[in-house]
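Quick note, the sequences are listed as chains A and B, same order. Residue numbers in the first sequence follow the UniProt record's numbering, run continuously in steps of one, and reach 440 at the last position. Residue numbers in the second sequence follow the UniProt record's numbering, run continuously in steps of one, and reach 440 at the last position. One structure below.
Number of protein chains: 2
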Amino acid sequence: MNTADLGLPVDVPSTALFTDQYEYTMVQAALRAGTAGRRSVFEVFTRRLPEGRRYGVLAGTGRVLDAVENFRFDAGVLGFLRERGIVDEPTLEWLSSYRFSGDIWGYPEGEVYFPGSPVLRVEGSFAECVLLETVILSILNHDSAIAAAASRMSSAAGGRRLIEMGARRTHELSAVAASRAAYVGGFDSTSDLAAGFRYGIPTVGTSAHAFTLLHDSERDAFRAQIDSLGRGTTLLVDTYDVAEAVRTAVEIAGPGLGAVRIDSGDLLLVAHRVRQQLDELGARDTKITVTSDLDEYAIASLAAAPVDGYGVGTQLVTGSGHPTCSMVYKLVARATAPDGPLEPVAKKSLGAKTSVGGRKWAARRLDADGVATAEIVGVGPVPPELADRQLLTELVRGGRTVAREPLDTARERHIAARAALPMSAIQLSRGEPVLPTEYV
Amino acid sequence: MNTADLGLPVDVPSTALFTDQYEYTMVQAALRAGTAGRRSVFEVFTRRLPEGRRYGVLAGTGRVLDAVENFRFDAGVLGFLRERGIVDEPTLEWLSSYRFSGDIWGYPEGEVYFPGSPVLRVEGSFAECVLLETVILSILNHDSAIAAAASRMSSAAGGRRLIEMGARRTHELSAVAASRAAYVGGFDSTSDLAAGFRYGIPTVGTSAHAFTLLHDSERDAFRAQIDSLGRGTTLLVDTYDVAEAVRTAVEIAGPGLGAVRIDSGDLLLVAHRVRQQLDELGARDTKITVTSDLDEYAIASLAAAPVDGYGVGTQLVTGSGHPTCSMVYKLVARATAPDGPLEPVAKKSLGAKTSVGGRKWAARRLDADGVATAEIVGVGPVPPELADRQLLTELVRGGRTVAREPLDTARERHIAARAALPMSAIQLSRGEPVLPTEYV
């Protein structure tokens with residue numbers, strides 16, 4: 001059995017319990033009613049972007065593929081479902097040989113999306129598809145929220161290095177997935193070793209205030225750090241007096257000191273002063289990293305400051321005000337006879353939670369300069385004359401994953417997709433989605 | 001080896017990589033400088049509550065105890081640290097026999113806290129304590145954020161049943177910890193099977209709109225569900241027309257129908273209409289559950305509605321506007337000689353990020369009626385004449401966990417601690433912390 005790509009530094013034998021109970025009770029009732037095998041199409045989409053956001057960033061697709069492969073039932077899982085009386089014996093029997101055998105298409109990871117974009121489409125029997133709802137949404141809603149925040153921050157950073165360092169502000173495993181999503185969204189590295197271990201993301205980190213406080217003096221601490229980590233290290237200079245710390249740092253390390261880190265105070269002002277001081281001390285190549293409660297707005301406000309890199313924590317791993325997306329997983333079509341045609345279905349009650357029935361395709365319309373002008377969504381087969389760039393790609397065929405890719409591919413795809421959006425996409429101010437979604 | 005209580009339905013052999021890289025590089029530099037063994041005291045506290053919140057709720061302590069026990073180094077973890085060049089060979093050697101051997105005291109799980117409350121105190125050598133920073137903060141910052149939101153919701157619900165159903169809105173493992181924290185904060189059950197499996201939390205769930213849409217008619221769907229799950233089930237009545245669905249539901253199930261669920265529309269209005277209709281149909285004992293984008297304010301606004309239970313998703317697992325806490329893990333005292341006295345230390349730079357040095361105790365002052373009036377925090381030994389209720393309890397002694405408890409104990413403790421706060425604690429409106437923190 002493969003191991004699940006859940007951001008764990010360990011193997012996960014099964015993802016089958018990352019699931020709301022009602023998925024299982026629905027399977028039981030459908031098995032008994034003889035409707036469990038009806039061919040069904042589920043789609044993942046969002047009715048709206050988080051308020052004020054101009055585009056979404058799809059992340060987590062690679063994790064979804066592993067979660068689907070590892071949605072299996074061993075004795076422990078089946079025993080739990082039996083002991084708790086969650087499903088009956090015929091259902092347990094059916095689950096014991098469960099293996100997703102259907103098809104999954106989706107926007108490739110890193111692609112941007114808009115309201116109504118069918119970012120994932122899962123097709124197979126009702127029972128095999130409905131069980132996957134919860135874990136698919138968990139992954140996409142979390143990872144896409146982080147990637148969207150990361151993308152805004154990486155736009156704002158304008159090419160300066162970005163370090164993800166939010167592990168301590170979110171669940172320890174959520175943090176690993178957050179590092180991964182941040183990387184897709186344009187970050188360069190992470191402080192989180194589990195993310196380095198699991199996904200090969202570059203890791204960084206040198207020291208904290210505790211290290212300075214441990215020693216008898218800041219001078220002792222700096223000397224200990226340089227003795228052990230070398231002159232290329234980053235010294236934290238704001239435990240006591242910044243100017244004195246910078247002087248001591250260069251005195252001990254010499255002008256080859258790698259970097260200094262500033263973690264408090266008025267970063268704009270302090271960065272300018274520290275840069276001037278470093279230059280005066282001859283440490284012209286010593287870099288400045290800032291790390292205090294940054295978000296995309298703070299990063300943008302430091303554009304004119306002599307800062308070389310940003311470390312971002314809380315606001316990144318909490319999605320900068322939008323810690324989740326509102327993606328849903330909806331049945332949009334199903335057959336009523338074994339070989340019958342797919343028929344569109346949709347909820348019809350009053351209120352906002354309606355959706356468009358039918359199996360969808362999607363494409364991005366570009367103008368003559370290659371700038372995106374619209375997200376085109378249609379129901380049914382793709383029109384043969386369609387000239388726009390199709391967005392859905394095949395991910396799983398007959399239960400077999402066909403679209404693995406390195407994380408760097410998703411990262412590069414994101415940067416290219418963002419670059420093809422109208423310029424207003426990267427404005428940080430609140431606005432409408434930068435592309436209209438047109439149903440054809 | 002015990003397995004880590006990380007909310008996984010699987011064993012986790014090690015928590016050692018849920019750690020920022022700088023914890024390891026600090027250990028390396030301190031080992032080389034001869035300062036790694038200095039006796040040190042780290043404390044976890046927050047400088048402020050989330051804006052407008054009146055109290056915090058500590059959750060995750062049980063998970064911290066397991067994470068500490070399972071902070072170990074196997075060949076895979078050591079190999080990663082070596083190959084990436086994160087630490088040198090002497091450090092790898094030291095890590096290979098790592099086992100936390102110090103002491104941990106803390107507020108017991110479910111207790112309320114305020115700015116400055118020393119909710120956890122970790123004492124031992126610098127090196128063994130500093131390594132635990134990231135994973136301890138991950139757990140406490142995440143779990144306490146969810147528990148605080150859950151507590152407000154459970155106050156607002158006034159004894160009506162609360163179901164946690166946010167798994168699809170957060171990372172799949174964060175979701176399991178969120179279920180646990182929500183239970184501590186007063187929730188009754190969860191939809192998340194992994195939370196039931198891992199923590200024994202009661203699980204619930206029956207069906208979704210997809211089940212109705214799968215079938216040829218709503219009537220067919222209801223019949224299929226009742227045939228399989230019995231009359232005590234909960235039928236979802238808002239896929240098409242609510243009034244027609246309620247009529248069909250009672251017609252098929254009879255007046256013994258367990259419950260109906262409403263997931264859209266004006267819940268106040270719809271709940272009243274559905275209650276009236278159910279009563280007219282003789283289904284007086286059929287309960288009403290509502291589940292549409294609820295938060296503590298929406299729950300409170302339904303206080304006068306004939307609602308029996310609330311299902312809460314997004315706003316619960318994202319902390320209802322505050323998805324993390326701002327807890328920090330700070331070195332507050334250390335010895336400079338092997339058997340020397342602990343000396344208070346604190347960061348002193350300009351800016352808001354200062355802290356109070358020294359090893360602390362804490363107590364809650366109550367008035368004659370048993371109502372809390374202040375959070376008392378002192379440095380040094382507990383005054384022998386102290387009459388207030390001490391808050392720090394022993395959790396780990398010499399590396400051995402001494403304070404395991406069932407999750408229900410934490411839940412009951414929380415409800416009692418909240419009940420002892422001044423009445424204004426449970427106002428949902430924004431306000432100041434309901435207790436002042438007094439340093440003595």
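The C-beta atom is built at its ideal place from N, Cα and C for all residues, glycine as well. Note that this is a predicted model, so its numbers are computed, not measured.
contact_flag[the segment 140 to 149 of chain A, the segment 173 to 191 of chain A] where n(CB pairs < 8 Å) is 3 or more: yes
So, for A:Lys-330: in the same chain, excluding its five sequence neighbours on each side, which residues have a beta-carbon less than 7 Å away from its beta-carbon? Cβ neighbours of A:Lys-330 beyond the five flanking positions: Phe-42, Glu-43, Ser-355.
Cβ neighbours of B:Asn-2 in the same chain (closer than 8 Å, five flanking residues each side left out): Caution applies to B:Asn-2, whose pLDDT of 32 falls short of 50 and renders its modelled position unreliable; the value that the coordinates give is listed next. So the list reads Asp-66, Glu-69, Asn-70, once near-sequence residues are dropped.
If we count Cβ pairs, one from each stretch, closer than 8 Å, do we get three or more for the segment 306 to 318 of chain A versus the segment 269 to 285 of chain A? yes
Taking the C-alpha atoms as reference points, what is the distance between A:Tyr-113 and B:Leu-17? 33 Å
With 16 other CB atoms within 10 Å as the buried threshold, where does A:Asp-192 fall? Per the 10 Å Cβ criterion, buried.
With distances taken Cα to Cα, identify the nearest neighbour of B:Ser-97 among B:Ile-86, B:Ser-117, B:Tyr-107, B:Ala-75. Nearest of B:Ile-86, B:Ser-117, B:Tyr-107, B:Ala-75 to B:Ser-97, Cα basis: B:Ala-75.
Looking only at DSSP bridge pairs, what is B:Glu-109 linked to? Its beta-bridge partners do not exist; DSSP assigns none.
Taking Cβ-Cβ distances below 7 Å as the criterion, which residues of the segment 288 to 313 of chain B are in contact with chain A? none
Relative to the C-alpha of B:Ser-14, which candidate in B:Thr-393, B:Gly-37, B:Val-317, B:Leu-132 has its C-alpha closest? B:Leu-132
Kindly indicate if chain A contains any beta-carbon less than 7 Å away from that of B:Tyr-98. no
To the nearest angstrom, how far is the alpha carbon of B:Arg-54 from that of A:Glu-343? 52 Å
Short-range partners of chain C found in the segment 199 to 227 of chain B, where Cβ spacing is below 7 Å: In summary, chain C is missing from the structure at hand, where the protein chains are A and B.
Taking any Cβ of chain A, which residues in the segment 157 to 169 of chain B have a Cβ under 7 Å from it, in chain order? Met-165, Ala-167, Arg-168, Arg-169
Strictly below 8 Å CB to CB, what residues from chain B border A:Asn-141? Arg-168, Arg-169, Thr-170
Per the DSSP calculation, B:Tyr-329 is bridged to which residue(s)? B:Tyr-329 is bridged to B:Val-44.
Should B:Lys-348 be labelled buried (16 or more other beta-carbon atoms within 10 Å of its own) or exposed? exposed
Against chain B: residues of the segment 172 to 193 of chain A by CB proximity under 7 Å: Glu-172, Leu-173, Ser-174, Ala-175, Ala-177, Ser-191, Asp-192, Leu-193
To the nearest angstrom, report how far apart B:Leu-8 and B:Ser-151 are at their CA atoms. Caution is warranted here: a pLDDT of 49 is assigned to B:Leu-8, below 50, making its placement in the model unreliable, and the coordinate value is therefore given only provisionally. For B:Leu-8 and B:Ser-151, the distance between alpha carbons rounds to 24 Å.
Which whole-angstrom value describes the C-beta separation of B:Leu-392 and B:Gly-106, a residue pair presumed to lie in contact below a C-beta threshold of 8 Å? Contact between B:Leu-392 and B:Gly-106 holds, since their C-beta atoms are separated by about 6 Å, short of 8 Å.
Inter-stretch contact at 8 Å, needing at least 3 Cβ pairs: the segment 223 to 243 of chain A / the segment 360 to 372 of chain B: no
Taking just the CA atoms, how far does B:Glu-123 sit from A:Arg-404? 46 Å
Any beta strand (DSSP E) of 3 or more consecutive residues that is wholly inside the segment 357 to 403 of chain B: 360 to 366, 372 to 379, 393 to 397
Which runs of the beta strand (DSSP E) at least 3 residues long sit entirely within the segment 181 to 242 of chain B? Give them in chain order. 234 to 236
Inter-residue Cα distance where the pair is B:Leu-6 and A:Ala-148: With a pLDDT of 44 at B:Leu-6, under the threshold of 50, the modelled position of this residue cannot be trusted; read the value that follows with caution. For B:Leu-6 and A:Ala-148, the distance between alpha carbons rounds to 27 Å.
With a cut-off of 8 Å, do at least 3 Cβ pairs link the segment 86 to 93 of chain B to the segment 207 to 216 of chain B? no
Extent of the continuous beta strand (DSSP E) to which B:Tyr-22 belongs: Note, B:Tyr-22: premise wrong, no beta strand (DSSP E); alpha helix (DSSP H) at 21 to 33.
Anyone know if the C-beta pair for A:Val-57 and A:Gly-185 falls short of 7 Å? yes
With a threshold of 16 other CB atoms inside 10 Å of the CB of B:Gly-116, please say whether the residue is buried or exposed. buried
Taking Cβ positions only, does A:Arg-32 come closer than 7 Å to chain B? yes
What is the C-beta distance between B:Val-27 and B:Val-130, in whole angstroms, given that I count them as a contact (C-beta under 8 Å)? 7 Å
Quick check on the DSSP output: what are the complete beta strand (DSSP E) runs of length 3 or more inside the segment 138 to 186 of chain A, in order along the chain? Listed in chain order, the complete beta strand (DSSP E) runs (minimum 3 residues) inside the segment 138 to 186 of chain A are 161 to 164.
Chain B residues whose Cβ lies nearer than 8 Å to that of A:Asp-20: Met-165, Ala-167, Arg-168, Ser-191, Asp-192, Leu-193, Gly-205
Which residue's Cα is closest to the Cα of B:Ile-104: B:Thr-437, B:Ala-221, B:Glu-93, B:Ile-136? B:Ile-136
Return no unless some Cβ of chain A is closer than 7 Å to the Cβ of B:Arg-334. yes
Within chain B, partners of A:Tyr-113 - CB distance below 9 Å: Going along chain B, no residue has its Cβ under 9 Å from A:Tyr-113, so there is no contact; the nearest lies around 17 Å.
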